[in-house]
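Residues in the sequence shown are numbered consecutively from -1, following my numbering.
To keep things clear, I will list the structure first and then write my remarks on it.
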Amino acid sequence: MTTLVRRLTRELGKARSEQRRAEARLQQSRAASMLSERRFRSVFNQQFQFMVILSPQGHVLEISEQLLLHDNVVPADQLIGRLFWETVWWAHVPEMRAVWPERLRQAALATGPLLSEDAFNSSTGEMRVASAAITAVRNAAGEVDCFVVQGSDITDQKRAASERHRLELELREAHKMQAIGTLAGGIAHDFNNIIGAILGNLALAQQDIGPGHAAHARLLQVRKAGGRARDLVQQILAFSRHQPNELVTQPLRPVVEETLAMLRPTLPAGVVLTPHFSELPLWVKADATQVQQVLMNLCLNAAHALGPPGGRIDVGLEPMASVPPGGPAGDDAAPNGHAHLWVRDHGCGMDAATLARIFEPFFTTRQASEGTGLGLSVAHGIVAEHGGRISVESMPGAGSTFHVVLPLAGSSSSSSSELALATPPAPVVPRGEGQHVLYVDDDEMMVVMVQSLLQHSGYRVTTCRDALTAVAAVRADPARFDVVVTDFNMPFGSGLDVALAVRDLRPGLPVVISSGYLSNELRAAAESAGVRQLLRKENTVEELCAVLLQVLMRPGPDTTRPWQLD
């Protein structure tokens, strides 16, 4: 009996020891499990990306703190157990109730993560964009145990990409405009030679026939048309090249009338421009070319809004005593009131969403091949630079009216602008006294015309067709010539090259450079090279002779007013 008790006692002790060891192992296992869970939670919640674990049916099992902190939504316990596509992120995207179940089905069949990109509703109500990778996690039997959704908010990246794309479009547009400027410069060079030859031979013809001839009036009309062609070339160049504004006090009505005259032949068939102009002069301080660009853009947009078969575009110009509500601040800056220029079409009109973006760069309702979306943005910038404002009124189906308001500059005692618009009198060409002119131009038509003109006006003339030949002529006999007149753009060297060489070979010999486009860069370079005068190439012949007379009378360079006649 004693032996049995002892044996049972030993067995009981062993059992208790085994129980204690088992309990210790269980506690260690629990501790390890808790540590593993804490580590999982820590990693799960500290992921840079958002993470959600879904059941095979799509219910939320776990959700990372990063997502909760990022979007400041309801607590996690109010999301656990809900279908993912019924949570707050998709409340305003009801189509996701069909999209997400299909995605989980596809993810269960996929061998890797299934990628997606969606717009979602943030807690602030802002629509944002998220990218996600959906991975199916399987158990030992190969069945889907859960889905892990890893995602990140890519709204800022999307915006940056959109901004980069916009800047790339602007850069391409800038390159395009640069190419247009280069092309326009080449066209202007050739066209100015033609205009110069026309006006030069016209001046010679007017001198030959005298003012009493029957053809005199017709020649005056030809001269006026040549002047319009000359101005048109300058406008093309100004549109395509970035130059500082030339704000001049001038009446606005002639600028508007000239623009409409240029526009009429270019508008689609069936489009009619109807002017409504005040009789007042409406003097403004403005760059005429840029004002014309604004009006052209508005009228071309109006013509596009009309579409086929066309219709009427009303263009109005009238005084405005004060800026209406919504006008620019600081009405005191325009004590004389404002000029109101408006363009109205009776076309398709615009809705509120379009009106809100109408002046944004690159925003357009046209097809990609029909425009860049820059016209109204450029117009807005030009008007702002002139101290004015531009606005629009429109409704779908009721047409649109664009309003441009510019501050008036008051009356002007100068009538130079009005005289410039009148038909000029017959030219009186200043005569030379046998001075020797070296004329340099690569265009044969200009060479023949200028040589004839100068000889007819009392000058001796030597002509050269390129810069190298001209420099060689001066080097051969520096004292032979009294003045050098050279084209700027020529092969084998420019007019500036001629001027620099002449300065070295014979300091003080006057040099005049003629160019179809007098850019600020050319002005600065010519002044540095000691050029006595710049002359627009298309200018009429009496101006060339007047310049010659002026530089020949000067004993040396006049640095105070070197560009008096350009």
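Virtual Cβ for every residue (Gly too), placed ideally from N, Cα, C.
For residue 263, the closest C-alpha among the options 285, 298, 245 is that of 298.
Taking every protein chain shown into account, the CB of residue 517 has fewer than 16 other CB atoms within 10 angstroms, so this residue is exposed. With 16 or more neighbouring CB atoms inside 10 Å of its own CB, residue 455 falls in the buried class.
With a beta-carbon spacing of about 14 Å, residue 469 and residue 437 fall beyond the 8 Å limit used to define contacts. Below 8 Å, enough C-beta pairs join the segment 250 to 257 and the segment 285 to 292 to call them touching: three or more. Contact between residue 344 and residue 308 fails: their C-beta atoms lie close to 10 Å from each other, not under 8 Å. Residue 549 sits close to residue 508, with the two beta carbons spaced by under 8 Å. Measuring C-alpha to C-alpha distances from residue 312 to each of 393, 282, 269 identifies 269 as the nearest. Taking every protein chain shown into account, the CB of residue 198 has 16 or more other CB atoms within 10 angstroms, so this residue is buried. Straight across, the Cα-Cα distance linking residue 431 with residue 547 is about 10 Å.
Per DSSP, the continuous beta strand (DSSP E) segment holding residue 119 begins and ends at 112 to 119. The residue among 279, 446, 133 with its C-alpha nearest the C-alpha of residue 56 is 133. With a threshold of 16 other beta carbon atoms within 10 Å, residue 294 meets it and is buried. CA-to-CA, the gap between residue 390 and residue 357 works out to about 10 Å.
Here DSSP, grouped into helix, strand and coil, assigns residue 488 to coil. If only complete runs of 4 or more residues are kept, the segment 263 to 315 shows the alpha helix (DSSP H) at 286 to 304, in order along the chain. Annotated three-state conformation of residue 346 is coil, per DSSP.
The Cβ atoms of residue 335 and residue 318 lie closer than 8 Å to each other. Going by beta carbons, residue 503 and residue 523 fall outside the 8 Å limit.
Note: residue 144 is bridge-paired with 135 in the DSSP secondary-structure output. In the DSSP assignment, residue 405 is bridged to 336. By the Cβ neighbour-count rule, residue 110 is exposed, with fewer than 16 other Cβ atoms within 10 Å of its own. A direct Cα-to-Cα measurement between residue 380 and residue 284 gives close to 10 Å.
Distance check between residue 382 and each of 395, 402, 394, 392 places 402 closest, using alpha-carbon atoms only. Residue 467 sits exposed, since fewer than 16 C-beta atoms from the chains shown fall within 10 Å of its C-beta. When secondary structure is reduced to three states using DSSP, residue 502 falls in the helix class. When the alpha-carbon of residue 85 is set against those of 102, 350, 50, 113, the nearest one is in 50. Per DSSP, the continuous alpha helix (DSSP H) segment holding residue 526 begins and ends at 518 to 526. With 16 or more other Cβ atoms from the protein chains shown falling within 10 Å of its own Cβ, residue 488 counts as buried. A direct Cα-Cα distance of roughly 15 Å separates residue 534 from residue 196.
Assignment of alpha helix (DSSP H) within the segment 431 to 491, counting only whole runs of 4 or more residues, yields 442 to 454, 465 to 474 in chain order. Within the same chain, 494, 497, 498 come within 6 Å of residue 527 by CB-CB distance, once the 5 residues on both sides are set aside. Spatial neighbours of residue 460 in its own chain (CB-CB distance under 6 Å, excluding positions within 5 residues in sequence) are listed in chain order as 436.
When the Cα atoms are used, residue 472 and residue 273 turn out to be separated by approximately 57 Å. Cβ atoms of residue 58 and residue 82 come within 8 Å of each other, at about 6 Å. Non-local beta-carbon contacts of residue 286 in its own chain, meaning distances under 6 Å to residues more than five positions away in sequence, involve 253 in chain order.
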